[in-house]
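Peer 1: Numbering (the numbering used here), first residue to last: 204 to 591.
Ideal Cβ placement from N, Cα and C applies to all residues, glycine included.
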């Protein structure tokens, strides 16, 4: 079977379909078993690589491949996906918590007379603090530079200059960090990247999966802080740094802990059981027309996941007021409209403040925002549903 006709766009279409219907229904629909060794990792989410390739074939040849028509090994599926620019990982995927700690443990900084430079750990602790406080995940470079420069002056190595541009760009080469809103390739961290950053003013911050993980799992956060402390601070990060980053005792009330994660997983189990029964395919009559039913459990799960904050990673204007009953002023929205049979599941639903909801619905940049939110919902859900 000639798999070379499969394009990157066809693979993305198959991934989107898997997200749309859910993994179990996707595998059942096309007759594939779950992957045992080779997984496609895209946007922090793991997919069954052979099934994705078999369905991607349908988007270029008009019919899907059956599992018996081709091999799912490294020399076929793995090689094809790698050629198309996708990442294929072997064996059982590590938990997001394990992955975070492994990536932190692999960080390497410049060596100064006093020990390892602290630019990267300071930047990550600053981003961890934003996650715990449920502040927007991505921050314009101009704001990040101002905040990071002060922390680096106070807590960096004495011989190091306060140069936030280095960690912001160096971390962008890892799976921990994200840069958005720039044109062209990201320059190297060393040299003179400030002019590029000032001109582009990209938004930067933790990758969505890492942001959601440290925001929702206190145990993982404490382990992550411990790894950075032992590697770069000779023990633990200074208490003053943790406090200024929003990770000190003053932030204790912001941790949602294990109970919220268990509740989220229970709600998702309820939602997925209803999907398996076909409940979400039913319709109800509203305003004299048939519309798909909506799951109240899905709404509760998304609000729980949001922690009361808008899930748009670049939200710039959530109201600080609350509803009369004390709930946050948020609207749970289907990224793909439910009226058009978008999936009624937290993987495709997002909590938005009224400002961001209006931009998505009526704004000139609404379609671009919809793409961002589709990715964000999927990765946040994965961190909560399958996290450490």
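1) Mapping DSSP to helix, strand and coil, what is residue 242?
2) Please work out which residues of its chain come closer than 8 Å, Cβ to Cβ, to residue 573, disregarding the five sequence neighbours upstream and downstream, and give them in chain order.
3) Which partner residues does residue 406 have in the DSSP bridge list?
4) Using the DSSP secondary-structure output, state which residues sit across from residue 418 in a beta bridge.
5) Kindly indicate which three-state DSSP category residue 393 falls into: helix, strand or coil?
6) Would you list the one or two residues that DSSP bridges to residue 292?
7) Identify every residue that forms a DSSP beta bridge with residue 249.
8) Going straight from the alpha carbon of residue 473 to that of residue 541, what length do you get?
9) Is the number of C-beta pairs between the region 542-555 and the region 220-228 that are closer than 8 Å three or more?
10) Return the CA-CA distance between residue 307 and residue 508, expressed in angstroms with no decimal places.
11) Apply the 10 Å Cβ neighbour rule to residue 321 and answer buried if 16 or more other Cβ atoms are within range, or exposed otherwise.
12) Between which residues of its own chain and residue 522 is the CB-CB distance below 6 Å, once the five residues before and five after are set aside?
13) Tell me where the beta strand (DSSP E) around residue 208 begins and ends.
14) Out of 267, 234, 475, which has the shortest C-alpha to C-alpha gap to residue 204?
15) Three Cβ pairs or more, each shorter than 8 Å: is that satisfied between the region 274-290 and the region 252-259?
16) Per DSSP, what kind of secondary structure is residue 592 in: helix, strand or coil?
17) Count the other CB atoms, across all protein chains shown, that sit within 10 Å of the CB of residue 571; report buried if there are 16 or more and exposed otherwise.
18) Can you confirm whether the region 550-559 touches the region 510-519 when touching is taken to mean that 3 or more C-beta pairs between the two stretches lie within less than 8 Å?
19) Mapping the DSSP letters down to three states, classify residue 517 as helix, strand or coil.
20) In whole angstroms, what separates the C-alpha of residue 300 from that of residue 334?
21) Got a sec? Which residues, its chain only, sit under 7 Å from residue 285 by beta carbon, not counting five neighbours each side?
22) Give a yes or no on whether the C-beta atoms belonging to residue 389 and residue 382 are separated by under 8 Å.
23) Which one of 253, 416, 372, 365 has the shortest CA to CA distance from residue 463?
Peer 2: By the coordinates alone:
1) Your numbering for residue 242 matches position 39 in the chain shown. Secondary structure of residue 242 (DSSP, three-state): strand.
2) On the chain shown, residue 573 is found 370 positions in, with the first residue counted as 1. 538, 563, listed in sequence order.
3) Here the question's residue 406 lines up with position 203 in the chain shown. Bridge partners of residue 406: 343, 383.
4) The residue given as residue 418 occupies position 215 in the chain shown. Partner(s): none; residue 418 has no beta bridge.
5) As a position in the chain shown, residue 393 is number 190, starting the count at 1. Reduced to three states, the DSSP call for residue 393 is coil.
6) Counting from one through the chain shown, the residue named residue 292 turns up at place 89. Bridge partners of residue 292: 242.
7) Within the chain shown, the letter at position 46 stands for residue 249. Its beta-bridge partners are 244.
8) Within the chain shown, residue 473 is the residue found at index 270, counting from 1. Within the chain shown, residue 541 is the residue found at index 338, counting from 1. The alpha-carbon atoms of residue 473 and residue 541 are separated by roughly 19 Å.
9) Flag = yes, the region 542-555 and the region 220-228 touch.
10) To locate residue 307, count along the chain shown from 1; it is residue 104. To locate residue 508, count along the chain shown from 1; it is residue 305. Within the model, the alpha-carbon separation for residue 307 versus residue 508 is close to 24 Å.
11) What you label residue 321 is simply residue 118 of the chain shown in a count that begins at 1. Residue 321 should be labelled buried.
12) In the chain shown, the residue the question calls residue 522 occupies position 319. Hits under 6 Å: 532.
13) For the purposes of this step, residue 208 is taken as residue 5 along the chain shown, with counting starting at 1. Per DSSP, residue 208 lies in no beta strand (DSSP E) and is assigned neither H nor E.
14) Counted from its first residue, the chain shown places residue 204 at position 1. Selection 267, 234, 475 evaluated against residue 204 yields 267 as nearest (Cα-Cα).
15) Verdict: yes, contact present.
16) Summary: the structure shown does not reach residue 592, with the chain confined to residues 204 through 591, and so no result is reported for it.
17) As a working note, residue 571 is residue 368 in the chain shown. Flag for residue 571 reads exposed.
18) At 8 Å Cβ cutoff, the stretches touch.
19) To locate residue 517, count along the chain shown from 1; it is residue 314. In the structure shown, the three-state DSSP call for residue 517 is coil.
20) Residue numbering aside, residue 300 sits at position 97 when the chain shown is read from its first letter. Residue numbering aside, residue 334 sits at position 131 when the chain shown is read from its first letter. Each residue's alpha carbon lies about 15 Å from the other.
21) If you number the chain shown from 1, residue 285 lands on position 82. Counting only residues of its own chain and dropping the five nearest sequence neighbours on each side, residue 285 has a CB closer than 7 Å to the CB of 291.
22) Taking the first residue of the chain shown as 1, we reach residue 389 at position 186. Taking the first residue of the chain shown as 1, we reach residue 382 at position 179. Yes; because the gap between Cβ atoms is below 8 Å, this pair is in contact.
23) What you label residue 463 is simply residue 260 of the chain shown in a count that begins at 1. Looking at the Cα atoms, 416 is the closest of the given residues.
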